[in-house]
Amino acid sequence: MTTPKSSTAHRASVAGAKPMIECRGVQKHYGDYHALRGIDLTIRAGEFFSLLGPSGCGKTTLLRTIAGFEDISSGAVLIDGQDMEGVPANRRPTNMVFQSYAIFPHLTVAENVGFGLRRDPRSRTEKAAAVEEALEMVGLKGYGARASHALSGGQRQRVALARALILKPKVLLLDEPLSALDRKMREQMQVELIKLQRQVGITFVLVTHDQEEALVMSDRIAVMFEGQIAQLDGPEALYARPTSRRVANFIGVMNFLPARVLGETADAVQIEAPGLGRVDIPMANVSRADPGDEGPSVGFRPEAVSLIAPGAQGANRVAEGVIDEVVYYGDMTYYDVRLDGSGSFDGKARPVRIAMRNVFGREVQDVGTRANVSWSPGSLVLFR
Amino acid sequence: MKGRGLRAYALIYLLFLYAPILLLPIFAFNSGTVIAFPLRGITTEWFAQMWGNASLRRALFNSLTIAVSSSVLATCLGIFAARASTRFEFPGKGPIMGLIMLPLVLPEIIVSISLLVVLLSLGVKLSVLTVIIGHTLICMPYATVILSTAFNSLDRSLEEAAYDLGETRWSAFRLVILPLVMPGIISSLLMSFTISLDEFIIAFFLAGNEPTLPTYIFSQLRFPKQIPAIMALGTVLVLLSVVLLTIAEYFRRRGIARTGAKDTGGFL
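These protein sequence lines are chains G and W, in that order.
Here UniProt numbering is used: the first residue of the first sequence is 1, the next is one more, and so on.
Here UniProt numbering is used: the first residue of the second sequence is 1, the next is one more, and so on.
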């Protein structure tokens, strides 16, 4: 067994790999409903790729078109360079882990795992060895003889994984595989899935509506809204530099303040925002506004800024304000702070949320206290 | 005590329903030839007489042939109907399913007469075969309902998973769906068998000269001498029905337990 590479190293190694899945202008209509509106996508060999979006965004439909369960209305899906047009699901080099796991309840664990080997020409003992190996890989060694309907959620998940991986597919498709598990189990499975993926080296395509899950596991993430890909990026880029307000809102929490564009140079845009004053936003942090937005806005993550004692000064810029609300989470405290002059544009008060890690010795501030907010221009994203 | 009247009502109701059936075995073992109390003594003579009767054996053979054939036919057709109704959407699905369920609410006498008219005008000779057709028709609603429940409790991705793992549509059905709905199939077979076995009106109209058990019993009621033997036969039939229905319910429940679905209530 190879040691799992670190995420960054793994990302670098798959970045130059050959394309494993290519979607070219994929459209899908269900009667009048336009489920996929032109998906262009390249997933590289060995990549852990996630399709992330709210329910009804078309992510599962896209996964099912790759699996071959749905025909596409137009466009093309290529797997390992081969056009999948007319190739049914049972002859595609993909296997799927279903949301419900779809464990065959009338078969034992071993019979479930070995199901796909029925047409395999290998001998019975060789197949049994392959089943045992697959079970060991997912941490279910010795479970072969058990009845599958008596398994726990996490165990069913593992059986589904072993059953799909035993066929050594080029691509493993996972449809919301962790959504039925409780939080602890989910976090544990996230780590195990990453390890497993590094170990087998198979391209994983995961569908999820859970942004945290996508951020934790993926090399790259495609955020989908209404049948289109809104942004395709690595987890850090997606979180730090969302290219639209909608993506920013879907992934984590972001504070938004209205902004006025004052000028523009080759590498920065100068803006003015209530409470923050004049700021130069580097070009890399300039994104587009969505059609529904009221003018340009500037956004920042709650943990990209910090609360410091009044009067204290840091290396960063400081804005002053009053604490409006305090929400204590144990490991974190969320403060809603009304910045002085935050209503200077239109008189609307817009408290900004600030997340502070609770470290030993730092007191939780009270509502009504004055506080200084330390921030840097590099942590702002401009949507215009 | 609260609900006492209701309890008494329920008791009387059950007594009214089942007490006459309890009389069957009592008189079947009574050595007197007259069906009346007081009882005379215990005998198994009527059972022997019943078995020695050639025309009764013929009726029994006919009834079994009809029941087996029509339950197999109704169940096979029911599988198609249940699969279509639970898995696919198609135009006219509602009316078609309604049509299948129609014999459930149509008076059997109407069904029988209509079938008789159609069969005669088609020039079909009345025989065991025509009864099989009629019984298949009236068993279809029961088979369809039982099988729809079985198919409905299946997760659709089970079939997709089998297909995804390299099976064809047919082998996915055979290896995954069929074993999982098997309890429903057995349950449907037994239910249809029971319905067919004691069906009278259709058999009476469509059998021509061939007797079935119910029509034979009816014809023998005119002869008082035969009545104890009929009682014996009735006892056997009641016993058989209870056994078959119990087996049917057992398989239905086992099917539900197996797929982990919720029990939505069956026929029993």
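By construction, the Cβ of each residue, glycine as well, lies at the ideal position given by its N, Cα and C atoms.
This structure is a prediction, so every number in the text was calculated from the model and none was measured.
Give the DSSP-derived three-state secondary structure of residue i in the structure shown.
| i | result |
| --- | --- |
| residue 250 of chain W | helix |
| residue 49 of chain G | strand |
| residue 34 of chain G | strand |
| residue 222 of chain G | strand |
| residue 2 of chain G | Residue placement at residue 2 of chain G cannot be trusted, given a pLDDT of 47 that sits under 50; the coordinates are not used to answer. |
| residue 159 of chain W | helix |
| residue 96 of chain G | strand |
| residue 14 of chain G | helix |
| residue 372 of chain G | strand |
| residue 119 of chain G | coil |
| residue 9 of chain W | helix |
| residue 325 of chain G | strand |
| residue 350 of chain G | coil |
| residue 115 of chain W | helix |
| residue 339 of chain G | strand |
| residue 210 of chain W | coil |
| residue 9 of chain G | helix |
| residue 96 of chain W | helix |
| residue 203 of chain W | helix |
| residue 102 of chain G | coil |
| residue 267 of chain W | Legend: pLDDT at residue 267 of chain W = 48, less than 50; position of this residue unreliable, value from coordinates given subsequently. DSSP places residue 267 of chain W in coil when its eight states are reduced to three. |
| residue 57 of chain G | coil |
| residue 220 of chain W | helix |
| residue 226 of chain W | helix |
| residue 126 of chain W | coil |
| residue 137 of chain W | helix |
| residue 179 of chain W | helix |
| residue 377 of chain G | helix |
| residue 168 of chain W | coil |
| residue 3 of chain W | coil |
| residue 141 of chain G | coil |
To which residues does DSSP link residue i through a beta bridge?
| i | result |
| --- | --- |
| residue 19 of chain G | G/44 |
| residue 383 of chain G | G/287 and G/297 |
| residue 356 of chain G | G/333 |
| residue 39 of chain G | G/26 |
| residue 83 of chain G | G/78 |
| residue 147 of chain G | G/108 |
Would residue i and residue j be called neighbours here (beta carbons separated by less than 8 Å)?
| i | j | result |
| --- | --- | --- |
| residue 381 of chain G | residue 248 of chain G | yes |
| residue 41 of chain G | residue 23 of chain G | yes |
| residue 20 of chain G | residue 208 of chain G | no |
| residue 169 of chain G | residue 90 of chain G | no |
| residue 16 of chain G | residue 27 of chain G | no |
| residue 157 of chain G | residue 177 of chain G | yes |
| residue 79 of chain W | residue 147 of chain W | yes |
| residue 135 of chain W | residue 199 of chain W | yes |
| residue 66 of chain W | residue 124 of chain W | no |
| residue 298 of chain G | residue 273 of chain G | yes |
| residue 238 of chain W | residue 24 of chain W | yes |
| residue 44 of chain W | residue 225 of chain W | no |
| residue 383 of chain G | residue 288 of chain G | yes |
| residue 412 of chain G | residue 153 of chain G | With chain G covering only 1 through 384, there is no way to say anything about residue 412 of chain G. |
| residue 131 of chain W | residue 195 of chain W | no |
| residue 213 of chain W | residue 69 of chain W | no |
| residue 83 of chain G | residue 93 of chain G | no |
| residue 305 of chain G | residue 379 of chain G | yes |
Complete beta strand (DSSP E) runs within the segment 257-323 of chain G (minimum length 3 residues, chain order):
260-264, 268-273, 277-282, 297-300 and 306-308
Does the segment 217-230 of chain W come close enough to the segment 145-155 of chain W to have 3 or more Cβ pairs within less than 8 Å?
no
Margin query: Runs of 4 residues minimum, wholly inside the segment 195-258 of chain G: which ones carry the alpha helix (DSSP H) assignment?
Written below: 211-217, 235-240 and 245-250
(message) To test your reading of the DSSP string, which unbroken alpha helix (DSSP H) runs of 4 or more residues are found completely within the segment 15-90 of chain W?
(response) Listed in chain order, the complete alpha helix (DSSP H) runs (minimum 4 residues) inside the segment 15-90 of chain W are 45-52 and 54-87.
Checklist entry - Does the count of Cβ pairs from the segment 58-76 of chain W and the segment 129-143 of chain W closer than 8 Å reach three? => result Under the Cβ criterion (8 Å, minimum of three pairs), the segment 58-76 of chain W counts as touching the segment 129-143 of chain W.
Pairing CB atoms from the segment 239-253 of chain W with CB atoms from the segment 189-197 of chain W, are three or more of them under 8 Å?
yes
**Asked** So, do the segment 102-112 of chain W and the segment 170-190 of chain W have three or more beta carbon pairs nearer to each other than 8 Å?
**Response** no
Do three or more CB pairs link the segment 161-168 of chain G to the segment 135-143 of chain G at distances below 8 Å?
yes
Enumerated in chain order, which unbroken segments of the beta strand (DSSP E) with a length of 3 residues or greater are wholly contained in the segment 149-187 of chain G?
171-175
Could you tell me whether the segment 13-32 of chain W touches the segment 226-236 of chain W, where touching means 3 or more Cβ pairs closer than 8 Å?
yes
Do the segment 309-323 of chain G and the segment 222-230 of chain G make contact, defined as three or more Cβ pairs closer than 8 Å?
Contact fails: fewer than three Cβ-Cβ distances are below 8 Å.
Q.
Taking 8 Å as the cut-off, does the segment 255-263 of chain G touch the segment 344-364 of chain G (at least 3 CB pairs, one atom from each stretch)?
A. yes
- Evaluate contact between the segment 210-220 of chain G and the segment 43-62 of chain G, counting only Cβ atoms and requiring at least three cross-stretch pairs below 8 Å. With the cut-off at 8 Å, the segment 210-220 of chain G and the segment 43-62 of chain G touch.
Are at least three pairs of beta-carbons, each pair with one atom in the segment 358-373 of chain G and one in the segment 319-330 of chain G, less than 8 Å apart? The segment 358-373 of chain G vs the segment 319-330 of chain G: in contact.
Exercise. Is the segment 266-286 of chain G in contact with the segment 12-24 of chain W, if contact means three or more CB pairs nearer than 8 Å?
Worked result: no
Practice problem: Specify whether the segment 100-114 of chain G and the segment 139-148 of chain G touch according to this definition: at least 3 beta carbon pairs, one from each stretch, less than 8 Å apart. | Solution: Yes: at least three Cβ pairs fall under 8 Å.
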